[in-house]
Amino acid sequence: MPEAQSRISPQFGSSFSRPVWIEPLLGFALGTSGGLLQGMVLRTSLLSGGLLGAAFGLAFGLFFARRATSPGAGLIWGLGSSFLLWILTAGGFFHLAGVARYSAMMFQDAQGHFSELVAYVLCLGMPVGVGLGIRGGLRSSRPGKKFAWGRAIVAGGFAGTLGGLIFGNWVSSGNYYPLLVGFGELSSRRVTISLHFAVALLIGVTFGLLFQRDVRGYGSCMGWGLGFGIFWWFFGPLTLLRLAAGLPLDWSAEQGTAVFGSLVGHILYGLILGVAYATIDKIWVRLFIQSDPLNREIESPGLHVLRSLGWGAVAGLIGGLASLPVMIATGVLPKVAGVDTSFVGFRGLVIHLSVSTLIGMTYGMLFRNETTSPGSSIAWGWVFGLIWWYLGPMTLMPLLLTGVCDWSADAASALLPSLLGHLIYGAVTALIFFLFDHRYTRSLLLDPRTSPRELRRLRPVGTPAPALWLFALSLGVLLPILLG
Amino acid sequence: MNPIFRRCSIGILSGAAASTVLTVTPHYALWNLILSVGIGAAYSAGLRPTRRAYVDNLLGGASLGVPLWGLVSVIVIPLLSGQMPAWSAEQMRQNFPALVSWVIFGAFLGITNQALQDGAEYFFGPEPAPKVPEVSVTKRIVILGGGFAGMRTAECLEEGLRGDRSTSLTLVNETNALLFTPMLAEVAGSSLEPSHISTPLRSTLRRTEFIRGVVEAVDLEKRLVILRHDAGANGASGRREVPYDQLVFALGSISNYLGMMNIEKFAFNFKSLLDAIRIRNHVIEMFERADLESDPALRSSLLTFVIAGGGFAGVELAGALNDFAHGILADYPRIHPDEVNIVLVHSRDRVLPELSESLARYAQEKMQLRGVSFRLNTRIVDAHSGVVLLGEGEIRTETIVWTAGTTPSPLLKSLPLEKDKRGALVVDDTLAVPRRAGLWALGDCAAVTDAATGHPCPPTAQFALREAEVLASNILSQLEGRPTRRFHFDSLGALCVVGHQTACAELSIPFNRSRSLRFSGLFAWLLWRGIYLAKLPGWERKIRVLMDWTIELFFPRDIVQTIDVK
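Below, the structure written as structure tokens:
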């Protein structure tokens with residue numbers, strides 16, 4: 007669901023002046039290499055792997071290259087398109103279209119092709135996307151968007167370290183380090199912690215280097231963190247760490263199930279990283295790049311914060327009401343009330359609506375700059391709902407009720423019903439918030455001083471947000487189903 | 078073609094085309110088609126069309142797949158079939174094929190939608206841009222005066238007009254801010270910073286054109302307002318004519334010196350922010366001089382401060398100055414507290430005629446205990462340098478502040494409109510000037526009569542705000558051909574601060590306005606501060622004033638002279 011203010015985004019003006027064959031050729035080359043690598047790892051036909059990779063790379067180079075304006079953007083477009091490729095091929099759509107009926111074995115087939123999912127993401131989506139993104143970054147120059155290496159490394163590094171510290175303090179009590187899963191047992195606690203911080207720092211710095219230009223606010227940064235966290239789960243515990251530990255690669259669904267807890271850990275780490283990066287990056291910009299007095303908005307940030315909190319509270323309350331039937335029917339509400347019976351009662355209802363209201367306020371704070379159209383609002387609302395499913399029922403609720411959280415695939419399977427409730431909550435909250443914001447913006451636009459600010463809020467066409475929605479939302483929902 | 082209709086049509090077509098992806102489940106074919114069409118219409122209507130955004134729509138549409146699968150295949154379709162939603166983990170796994178279908182449906186929907194959008198643009202031209210069309214201004218509303226009445230009128234008109242660009246709003250004021258006069262005494266008493274009780278008119282009003290200028294004349298025949306304003310690099314005056322269709326007089330009032338030219342020459346005014354700053358700095362100046370003066374008579378004259386008028390303004394100012402003067406004595410060790418003399422001169426037998434007698438007596442007693450002197454049943458008849466002449470006697474003083482009377486803006490004298498004996502414009506009960514279409518008046522410059530009681534409405538901020546709401550409503554009603562409404566308002570009561578942490582309050586009882594609740598003391602003072610803080614426009618101003626009051630709790634009053642009063 008693309009957003010647009012202008013019909014033709016200025017960054018694509020340069021596309022008419024460069025040779026059109028370079029990107030498809032580069033994509034073809036990278037895709038072929040990735041396909042061959044994939045064939046080697048999965049021990050399948052090199053020819054079919056190469057051909058598939060070549061076709062993917064060529065198509066990516068032809069259609070997506072203009073969107074891959076930076077390595078980070080290219081990576082996200084690559085991840086989204088590689089997932090779509092998996093749905094079409096190994097996921098079973100072509101087979102489904104061929105036989106024109108559902109097959110009871112489709113799910114088992116898809117589980118059996120989980121390794122292809124990992125392969126497509128790491129061997130096709132990642133290299134093709136990043137490669138073309140590097141090419142795109144060198145080629146395009148966006149006015150006012152010069153890449154700052156120092157800022158990326160420092161902000162990303164600080165965010166990664168901070169995320170590692172918060173995460174490390176939390177998980178170390180259970181002696182479980184999700185970021186290091188796959189590396190095997192380490193000799194000492196000190197080595198474990200050092201490696202944990204090293205990985206956290208690496209993830210943070212790469213986040214800053216890749217996504218400096220794409221992230222706009224706290225909410226979108228969290229979304230990018232979610233997607234990046236899922237990607238790092240594929241890249242880290244399933245791949246890199248195993249290789250570093252001298253273990254053979256195992257991209258099977260069984261291995262995925264075994265390290266499923268690490269997926270939840272990577273997702274939560276990604277969320278912490280996203281918020282931390284957004285905060286530190288904003289501070290960096292404020293301190294070293296931009297000072298506001300000459301360009302002061304007619305409204306101070308404080309008023310907008312108060313307004314967002316108020317709208318978010320009302321939107322969250324309505325979202326809570328909309329998701330209430332699902333929460334009751336799936337048995338989440340009694341757990342919220344602290345009782346393990348099917349009796350919901352007034353207490354559970356009050357707690358649910360209170361929590362919904364508070365969470366709605368966080369939506370208002372985090373995503374207030376992403377509500378520029380109903381479509382994008384709902385998409386970010388779904389992402390928000392997914393985030394809160396991993397944060398809430400998967401993590402915080404068991405911690406609060408029992409003192410331990412269970413991140414196993416089985417636990418996730420048991421909580422799948424409430425996932426739909428969270429998605430409904432997120433979408434309704436986002437839509438209601440959009441309606442409030444839209445109504446207010448329309449009155450503001452009568453003042454010509456406000457129009458430039460509102461234009462700046464619009465996410466231009468070409469950002470990888472649609473790809474992020476596809477990758478993060480789909481895999482965030484699909485992986486617990488596939489691996490449970 | 079209406080843009081939404083066009084988008085929905087495209088969405089319906091693309092949804093129908095994309096529904097072929099879902100036909101792998103033929104027994105749901107009809108439901109799938111209906112849902113697809115609906116989803117397609119919503120998808121297309123929910124986003125702004127962009128040329129050639131195929132890959133964005135491909136992946137963006139595909140991202141719809143999982144939530145749609147959850148909503149439709151897992152919840153809605155089983156419910157419609159009379160079964161429980163299939164949301165257990167096992168059921169979701171069995172429904173996996175539908176998930177695949179929905180993802181591809183979404184991708185196909187996105188691509189088809191984009192293709193149809195581009196095709197529609199090619200054949201029918203681009204979608205009309207959703208910008209507000211250029212509308213010629215056909216109605217001009219001009220408000221003269223940016224006080225409580227004028228600004229509130231502008232706010233209400235902005236709210237009522239919203240997106241109606243055919244009506245222009247203009248507000249003219251001599252200063253660029255609304256002065257919150259209830260707190261003016263606190264500025265004079267150095268409790269509050271001057272700018273903290275003023276709200277900028279430009280920042281507060283969104284679509285009202287603001288002109289800082291002085292109204293020189295109003296040409297009622299040509300329907301023009303003639304302004305004088307500072308213009309040019311050398312500050313030379315400029316002249317400007319502002320046409321109007323509806324004109325609102327909210328000019329307020331000025332001090333009335335009752336023809337006493339010497340008093341006007343020697344007395345401090347107490348209407349504007351500059352007046353309050355001047356008074357404050359003058360008090361400090363008197364203390365500085367008295368500190369060096371050895372002649373007792375001169376010292377007494379320097380440290381005697383006369384306030385003329387025992388209404389709200391005079392009493393609050395007397396209390397504030399008394400607190401200030403006694404509060405800064407610690408910085409002037411050579412000045413004895415007994416040397417400081419605050420004198421309030423009032424022509425009647427009690428101060429605060431707006432309050433009940435008991436509260437007025439309480440206020441007087443409290444202030445006397447704190448050192449304020451009262452000369453009741455006394456009029457000031459003249460003033461010279463260093464002396465104020467009373468009906469009987471005189472007071473040696475270098476300071477006289479005039480709060481003894483106000484008169485409506487002198488501009489009204491030049492207008493051939495009916496006025497009352499005070500000089501205020503006569504208006505009917507809808508606040509319109511009789512027999513003059515398009516002219517309205519409210520606030521201190523208007524003689525407003527309560528439609529229900531027939532009594533004249535007092536010229537207070539409380540009434541001005543309510544008059545503004547009714548007036549704005551009536552202007553809009555007249556423009557739209559609807560009946561206007563009459564003005565009626567029951568006063569909520571009155572609050573008056575008489576000194577540090579002491580106030581008098583008389584609050585009307587709801588549903589029994591003839592009776593009121595009277596109390597005084599610390600609670601009344603806290604109530605005064607709370608209510609006026611809530612009424613102060615703008616959150617930023619509220620926080621600044623709150624911070625000033627908090628600082629005042631811990632630190633002494635500031636005695637820095639900010640302007641040269643010599």
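Protein chains in written order, with my numbering: chain U, 7 to 490; chain Y, 78 to 643.
Where a beta carbon is used, it is the ideal one built from N, C-alpha and C, also for glycine.
These numbers come from a predicted model, not from an experiment.
For my contact list, residue i and residue j are in at a C-beta cut-off of 8 Å; report their separation, rounded to the angstrom.
| i | j | result |
| --- | --- | --- |
| Pro259/Y | Ala538/Y | 7 Å |
| Asp220/U | Ala79/U | 6 Å |
| Tyr321/Y | Val219/Y | 4 Å |
| Leu488/Y | Lys496/Y | Between Lys496/Y and Leu488/Y the Cβ distance is about 12 Å, and since that is not below 8 Å, they are no contact. |
| Gly98/U | Val177/Y | 6 Å |
| Ala319/U | Met371/U | With 8 Å as the limit, Ala319/U and Met371/U do not qualify as a contact, their Cβ atoms being about 11 Å apart. |
| Gly237/Y | Ala549/Y | 6 Å |
Where does residue i sit, in a helix, a strand or coil, going by DSSP?
| i | result |
| --- | --- |
| Ala343/U | Per-residue confidence for Ala343/U stands at a pLDDT of 49, beneath the threshold of 50, marking its modelled position as unreliable; the derived number appears in the next sentence. Residue state, collapsed to three classes: coil. |
| Asn301/U | Caution is warranted here: a pLDDT of 49 is assigned to Asn301/U, below 50, making its placement in the model unreliable, and no coordinate value can be reported. |
| Pro174/Y | helix |
| Leu489/U | helix |
| His532/Y | coil |
| Asp241/Y | coil |
| Ile457/Y | strand |
| Asn134/Y | helix |
| Glu431/Y | coil |
| Arg452/Y | strand |
| Gly370/U | helix |
| Trp517/Y | strand |
| Asn346/Y | coil |
| Ser591/Y | strand |
| Pro103/Y | Low confidence applies to Pro103/Y: its pLDDT is 49, below 50, so where it sits in the model is not reliable, and the reading given next is rough at best. Reduced to three states, the DSSP call for Pro103/Y is helix. |
| Gly598/Y | strand |
| Phe153/U | coil |
Counting along the chain, where does the alpha helix (DSSP H) carrying residue i start and finish?
| i | result |
| --- | --- |
| Ser376/U | The sequence given here has Glu at residue 376/U, not Ser. Neither: Glu376/U is in no alpha helix (DSSP H) and is coded neither H nor E. |
| Ala65/U | 52-65 |
| Asn358/Y | 350-369 |
| Leu42/U | 28-48 |
| Glu676/Y | No information on residue 676/Y is available, as it lies outside the stretch 78 to 643 that chain Y covers here. |
| Arg217/Y | From DSSP, Arg217/Y is part of no alpha helix (DSSP H) but of the beta strand (DSSP E) over 216-221. |
| Asn399/Y | 389-404 |
Do residue j and residue i count as a contact pair if the criterion is CB distance below 7 Å?
| i | j | result |
| --- | --- | --- |
| Met403/U | Val270/U | no |
| Ala397/Y | Gly266/Y | yes |
| Phe326/Y | Cys522/Y | yes |
| Leu269/Y | Gly223/Y | no |
| Pro155/Y | Leu429/U | no |
| Leu508/Y | Leu519/Y | yes |
| Thr435/U | Ala321/U | yes |
| Gly607/Y | Ser585/Y | no |
| His565/Y | Asp505/Y | no |
| Gly187/Y | Leu135/Y | yes |
| Gly166/U | Gly210/U | yes |
| Leu215/U | Ala158/U | yes |
| Val71/Y | Val428/Y | This structure cannot settle anything about residue 71/Y, because the visible part of chain Y is limited to 78 through 643. |
| Leu453/Y | Asp426/Y | yes |
| Gly576/Y | Arg438/Y | no |
| Phe189/U | Leu247/U | yes |
| Gly63/U | Gly135/U | no |
State the start and end residues of the unbroken beta strand (DSSP E) segment that holds residue i.
| i | result |
| --- | --- |
| Gly475/U | One detail in the question is off: residue 475/U reads as Trp in this sequence, not Gly. No beta strand (DSSP E) contains Trp475/U, which DSSP labels as neither H nor E. |
| Thr476/Y | 476-479 |
| Arg125/Y | No beta strand (DSSP E) contains Arg125/Y, which DSSP labels as neither H nor E. |
| Ile289/U | No beta strand (DSSP E) holds Ile289/U; the alpha helix (DSSP H) holding it covers 266-290. |
| Ile152/Y | Counting along the chain, Ile152/Y falls outside any beta strand (DSSP E), and DSSP gives it neither H nor E. |
Those runs of the beta strand (DSSP E) which lie wholly inside the region 541-580 of chain Y and span at least 3 residues: 570-576
At what residue ranges does the region 270-337 of chain Y contain a whole run of the beta strand (DSSP E), taking only runs of 3 or more? 275-277, 285-289, 291-296, 301-307, 314-320, 323-326, 330-332
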